[in-house]
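From first to last, the protein sequence lines are chains A and B. Under the numbering used here, think of the first position of the first sequence as 71, with each following residue one higher. Under the numbering used here, think of the first position of the second sequence as 71, with each following residue one higher. Notes for the one structure printed next.
There are 2 protein chains.
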Amino acid sequence: MKIKRALLSVSDKSGIVDLAKVLKYFDIELISTGGTKKALTDAGIEVTDISQVTKNPEAFGGRMKTISFNVESALLFDRERDSQEAQLLGIQPIDLVVCNLYPFDKVLAESADFDTLIENIDIGGPTMVRAAAKNFKYVTVLTKPQDYEMFTKEISASGGSTTYEFRKRMMTAAFNHTADYDALIAQTMDSESGNYSLRLAFEGGTILRYGENAHQNALMYRMKGKQNTYFDMKILHGKEISYNNILDISGAVNAVRELPGNACAVVKHSNPCGLSSGINQRKALEQAWQGDPISAFGSIIAFNTPLTRDTVEFFELNHANPAKRKFIEVVIAPRIEEDALQYLQLNKNLRVIEFDMTKMTFDFDLRFVDGVLLQQDTDRMLYEKLELVTISEFSKDKNRPLIEFGLNVVKNIKSNAICIVGQNDSNFYLLGMGAGQPNRLISTELAISKAKAFIQADFNEQLADFETFYADKIKDVILISDAFFPFPDNVELAASQGIRTIVQPGGSIKDKAVIDTCNTLGINMIFTGIRHFRH
Amino acid sequence: MKIKRALLSVSDKSGIVDLAKVLKYFDIELISTGGTKKALTDAGIEVTDISQVTKNPEAFGGRMKTISFNVESALLFDRERDSQEAQLLGIQPIDLVVCNLYPFDKVLAESADFDTLIENIDIGGPTMVRAAAKNFKYVTVLTKPQDYEMFTKEISASGGSTTYEFRKRMMTAAFNHTADYDALIAQTMDSESGNYSLRLAFEGGTILRYGENAHQNALMYRMKGKQNTYFDMKILHGKEISYNNILDISGAVNAVRELPGNACAVVKHSNPCGLSSGINQRKALEQAWQGDPISAFGSIIAFNTPLTRDTVEFFELNHANPAKRKFIEVVIAPRIEEDALQYLQLNKNLRVIEFDMTKMTFDFDLRFVDGVLLQQDTDRMLYEKLELVTISEFSKDKNRPLIEFGLNVVKNIKSNAICIVGQNDSNFYLLGMGAGQPNRLISTELAISKAKAFIQADFNEQLADFETFYADKIKDVILISDAFFPFPDNVELAASQGIRTIVQPGGSIKDKAVIDTCNTLGINMIFTGIRHFRH
Numbered sequence: 071m072k073i074k075r076a077l078l079s080v081s082d083k084s085g086i087v088d089l090a091k092v093l094k095y096f097d098i099e100l101i102s103t104g105g106t107k108k109a110l111t112d113a114g115i116e117v118t119d120i121s122q123v124t125k126n127p128e129a130f131g132g133r134m135k136t137i138s139f140n141v142e143s144a145l146l147f148d149r150e151r152d153s154q155e156a157q158l159l160g161i162q163p164i165d166l167v168v169c170n171l172y173p174f175d176k177v178l179a180e181s182a183d184f185d186t187l188i189e190n191i192d193i194g195g196p197t198m199v200r201a202a203a204k205n206f207k208y209v210t211v212l213t214k215p216q217d218y219e220m221f222t223k224e225i226s227a228s229g230g231s232t233t234y235e236f237r238k239r240m241m242t243a244a245f246n247h248t249a250d251y252d253a254l255i256a257q258t259m260d261s262e263s264g265n266y267s268l269r270l271a272f273e274g275g276t277i278l279r280y281g282e283n284a285h286q287n288a289l290m291y292r293m294k295g296k297q298n299t300y301f302d303m304k305i306l307h308g309k310e311i312s313y314n315n316i317l318d319i320s321g322a323v324n325a326v327r328e329l330p331g332n333a334c335a336v337v338k339h340s341n342p343c344g345l346s347s348g349i350n351q352r353k354a355l356e357q358a359w360q361g362d363p364i365s366a367f368g369s370i371i372a373f374n375t376p377l378t379r380d381t382v383e384f385f386e387l388n389h390a391n392p393a394k395r396k397f398i399e400v401v402i403a404p405r406i407e408e409d410a411l412q413y414l415q416l417n418k419n420l421r422v423i424e425f426d427m428t429k430m431t432f433d434f435d436l437r438f439v440d441g442v443l444l445q446q447d448t449d450r451m452l453y454e455k456l457e458l459v460t461i462s463e464f465s466k467d468k469n470r471p472l473i474e475f476g477l478n479v480v481k482n483i484k485s486n487a488i489c490i491v492g493q494n495d496s497n498f499y500l501l502g503m504g505a506g507q508p509n510r511l512i513s514t515e516l517a518i519s520k521a522k523a524f525i526q527a528d529f530n531e532q533l534a535d536f537e538t539f540y541a542d543k544i545k546d547v548i549l550i551s552d553a554f555f556p557f558p559d560n561v562e563l564a565a566s567q568g569i570r571t572i573v574q575p576g577g578s579i580k581d582k583a584v585i586d587t588c589n590t591l592g593i594n595m596i597f598t599g600i601r602h603f604r605h
Numbered sequence: 071m072k073i074k075r076a077l078l079s080v081s082d083k084s085g086i087v088d089l090a091k092v093l094k095y096f097d098i099e100l101i102s103t104g105g106t107k108k109a110l111t112d113a114g115i116e117v118t119d120i121s122q123v124t125k126n127p128e129a130f131g132g133r134m135k136t137i138s139f140n141v142e143s144a145l146l147f148d149r150e151r152d153s154q155e156a157q158l159l160g161i162q163p164i165d166l167v168v169c170n171l172y173p174f175d176k177v178l179a180e181s182a183d184f185d186t187l188i189e190n191i192d193i194g195g196p197t198m199v200r201a202a203a204k205n206f207k208y209v210t211v212l213t214k215p216q217d218y219e220m221f222t223k224e225i226s227a228s229g230g231s232t233t234y235e236f237r238k239r240m241m242t243a244a245f246n247h248t249a250d251y252d253a254l255i256a257q258t259m260d261s262e263s264g265n266y267s268l269r270l271a272f273e274g275g276t277i278l279r280y281g282e283n284a285h286q287n288a289l290m291y292r293m294k295g296k297q298n299t300y301f302d303m304k305i306l307h308g309k310e311i312s313y314n315n316i317l318d319i320s321g322a323v324n325a326v327r328e329l330p331g332n333a334c335a336v337v338k339h340s341n342p343c344g345l346s347s348g349i350n351q352r353k354a355l356e357q358a359w360q361g362d363p364i365s366a367f368g369s370i371i372a373f374n375t376p377l378t379r380d381t382v383e384f385f386e387l388n389h390a391n392p393a394k395r396k397f398i399e400v401v402i403a404p405r406i407e408e409d410a411l412q413y414l415q416l417n418k419n420l421r422v423i424e425f426d427m428t429k430m431t432f433d434f435d436l437r438f439v440d441g442v443l444l445q446q447d448t449d450r451m452l453y454e455k456l457e458l459v460t461i462s463e464f465s466k467d468k469n470r471p472l473i474e475f476g477l478n479v480v481k482n483i484k485s486n487a488i489c490i491v492g493q494n495d496s497n498f499y500l501l502g503m504g505a506g507q508p509n510r511l512i513s514t515e516l517a518i519s520k521a522k523a524f525i526q527a528d529f530n531e532q533l534a535d536f537e538t539f540y541a542d543k544i545k546d547v548i549l550i551s552d553a554f555f556p557f558p559d560n561v562e563l564a565a566s567q568g569i570r571t572i573v574q575p576g577g578s579i580k581d582k583a584v585i586d587t588c589n590t591l592g593i594n595m596i597f598t599g600i601r602h603f604r605h
């Protein structure tokens, strides 16, 4: 379709003068309105005023500018079926509409008053855009300055026309534009009436191999406009990413993204079972692995700093004995150094991903549950206080970094969650965790049994007996609970295993009994005031 | 605002004749178009043709009917600021628009061809509706037949006018209508271009007391148009429903909704820790409770059949010793019989909910993960086959109902999941489960330890010694795994505890070693071909 007449009416004027020059180069007549016309005229570009087409004056404080039998007919008539009728009615075709709408989003973001919001609801713009889009078989519609360049290439290549494919693409963009526009208006008006509604748009749906299981089809979408999500991962090597990979990656990157230093998380079934943070990345990986060396088999491993060759050599991917090579599913880090990548490529299936999780930003979580949507603030506050509630000598300040590490761990583990954390030099690490249990005592048992295995791995029988070694190590760890203890039984269990310090939110009606038990057993107990359930 | 002129142009004609009669009663002039005009004229109602207002002919196969300077001016001009200008331009106000749009949704549902879809994109309708809505300070807009009754009351009460509040409400409904309309068009056009997008609308947002934790604000929304969701729960008694209640309720109702007979689930931290199904509801509750009597404290309990007094008396809510009263958070059933409700009200906090979970229908699950959306088919297929892979005598047909019960349990437990199920008479029950572990062997250990406690609860030391009793009970249970066994260790553990039958998907490269171990240890093993991961 050769373009002969174009209507330009934009609120966002970026790029419009350059576009108009391109159109003029192809001898296209330009029709324009108000501010757009002024911008073009100021740039020395000749423009027909819209009223010469509408045959009506601009009226009612600008509320009526384009809407008219003539303009919408010029956009809507079928160039084949209706051409004679158009001629009889004196309608000349308009072949291109360049239009973006009154900036309702911008005035909303500026907290404009209600009347200003209403005045910024565009009526003429959506009408033109939608009319042109409906008739995309003949008419081109541009709704975003970002599309001008592509359009310019398109008409330059063809000497002034556009292809059906291009027009169809722009039509689709146009309806997305008006859908976004009215979605925001509807949501705003609901909220102005005291009703909460939410309209979410997802795009770029990618078909995954399957869902959680092979008999479930699945797709992944990007939330419209959201940056730094798993959609922006760069997969440098390995097999296609699966649905379960995404869930595990989420568990892993959330576990490390707020930690200081070089952090490493080992995740299985979306729970971190190993986690460490310190000055040395290789050491962090070794300690994270030690958190649960059995479960680490087939795990997802995330780092919050650029991944080095020294670190990844821990996986022994070129070990002469294939059974000694550490099998993992995914490695993810903000950057993968070239020599590290080369080494990781020794495993042809291993997914190696660059993704800067430290740039992720989330104010709220959304959860779809069987047709309802739950929305909540993201769980960001680690603690409200660190209150020593027992009669004991314990330096909160000295232990604060370890407690903060542990709270970050526990908030990323599914409830009921217990974790046991420790430190050596400036490294923090998870010794063991218990997750997803209906009974908190079982989580504590699981965490302690993992912690024992962790300590066992460091044990050298030539230097000490295990009991002495264990007692010496366990006394310095901290056990952290995601929620309060309803009874003293967890404290008794922890104390019987040599644990000396427990951190929990507090707030149970049995707090006094729990604290009394701590005092009797010589346990330090710290209340944080903040629960960290996660389901 | 006294209504003097109304424009009626509807695609869905239900109720339009009655509405027109009401308008006529208040001496309101009716302007109308095409099919709507015919319907009204056929009913003997006098109508002004739209072309008398537009001063234009209907043109281009109906694409141009209403769009005109005159109609949109009549809707849009400010009745105060612009009244003189309107008079000069000969514009008479239109005070009411009744309009619903070309049925794009209907033709889409009928799998119409692309041209028909395009022809069913309404241009004039949304323009009128949006213009009227923008000028709601003066103009009333009705976009749904369901609103006619409310409108009729409104103008009847006032003698022919509407209130600002009513017009604002209808304005909000109108922008929701056009937002929905363009959302569907945009999504459809994306899909026509081979792009997958999703636009979801949620409404009726209710503020919850808080989210998963007290420092997180939260809301619950209904997915637009979705029926039989937690939004439709009838809360007959007790405290406000919390965010975590919804998650637990989902775990509980999904566990029972597809089970035969009288089923009961006891859920804690969204995993069923007790589950039973049989001919007697009270018995089902008792057995479900026995699945984990410790965790049942503070649990959510769901039934799939009307809840009777006999059943709920199990909770002993009027026990003389308050410590013997069973503390639970939520009871939910399709119906609560009156005397059962009376009994449950003995606990003033207990949430008692009527909700028919058997009517829930879901084709897909949505999961929002840090800014991306995962969509997958709901996990509905229990098994692809029941293949006995060991050399053993085992009747699949006799055991099919129990295996189906167990697969339904395991698919509702978070992975790694192991469950142990049994039956007596025609009752099926869960003896123990292990959930959410990074290491499957730990899940098996947890499930076995719970199963032992379950059997212990039935034990009477006057009749037998425990070992004999246990061995006799455990030999008939079935252990079910949500995914394949990567090694024979789980089989060895199960066999050492007296378990004789194991059901799992199969598909590991180690299947042969696993089967060989079963044959050596005299274990029946069934492959289902279907994994049931759930995270």
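Yeah, the Cβ is synthetic: ideal placement off N, Cα and C, and Gly gets one too. Predicted model, so just to flag it, every value in this text is computed and none were measured.
Candidates the options: which alpha carbon is nearest residue i's?
i	options	result
Thr197 (chain B)	B:Ser312, B:Ala182, B:Met220, B:Val168	B:Val168
Cys334 (chain B)	B:Glu457, B:Pro376, B:Ser261, B:Lys545	B:Pro376
Gly295 (chain A)	A:Ala90, A:Ile406, A:Phe272	A:Phe272
Tyr95 (chain A)	A:Asn350, A:Ser261, A:Ser226, A:Pro215	A:Ser226
Gln446 (chain B)	B:Phe555, B:Pro215, B:Arg604	B:Arg604
Please report whether the beta-carbon of residue i lies at a distance below 7 Å from any beta-carbon of chain A.
i	result
Met198 (chain B)	no
Ile423 (chain B)	no
Asn417 (chain B)	no
Arg75 (chain B)	no
Tyr300 (chain B)	yes
Asn283 (chain B)	yes
What does residue i pair with, by DSSP beta-bridge criteria?
i	result
Gly344 (chain A)	A:Val336
Thr118 (chain B)	B:Ile101
Lys304 (chain A)	A:Glu424
Taking 7 Å as the threshold (C-beta atoms), are residue j and residue i in contact?
i	j	result
Ala366 (chain B)	Leu345 (chain B)	no
Glu19 (chain B)	Tyr313 (chain B)	What the structure shows of chain B is the stretch from 71 to 605, and residue 19 (chain B) is not part of that stretch, so it cannot be assessed.
Gly47 (chain B)	Leu420 (chain B)	Residue 47 (chain B) lies beyond the range of chain B shown here (71 to 605); nothing can be said about it.
Leu145 (chain A)	Ala201 (chain A)	yes
His339 (chain A)	Pro508 (chain B)	yes
Ala564 (chain B)	Asp252 (chain A)	no
Lys353 (chain A)	Asn530 (chain A)	no
Buried or exposed for residue i, going by 16 or more other Cβ atoms inside 10 Å?
i	result
Ile316 (chain A)	buried
Phe277 (chain B)	With the sequence shown as reference, residue 277 (chain B) is identified as Ile, and Phe is not the correct amino acid for it. Classification of Ile277 (chain B): exposed, given that the 10 Å Cβ count is below 16.
Thr299 (chain A)	buried
Leu533 (chain B)	exposed
Gly194 (chain B)	buried
Arg151 (chain B)	exposed
Lys481 (chain B)	buried
Asn494 (chain A)	exposed
His389 (chain B)	exposed
Say whether chain B places a C-beta atom closer than 7 Å to the C-beta of residue i.
i	result
Asn509 (chain A)	yes
Lys338 (chain A)	yes
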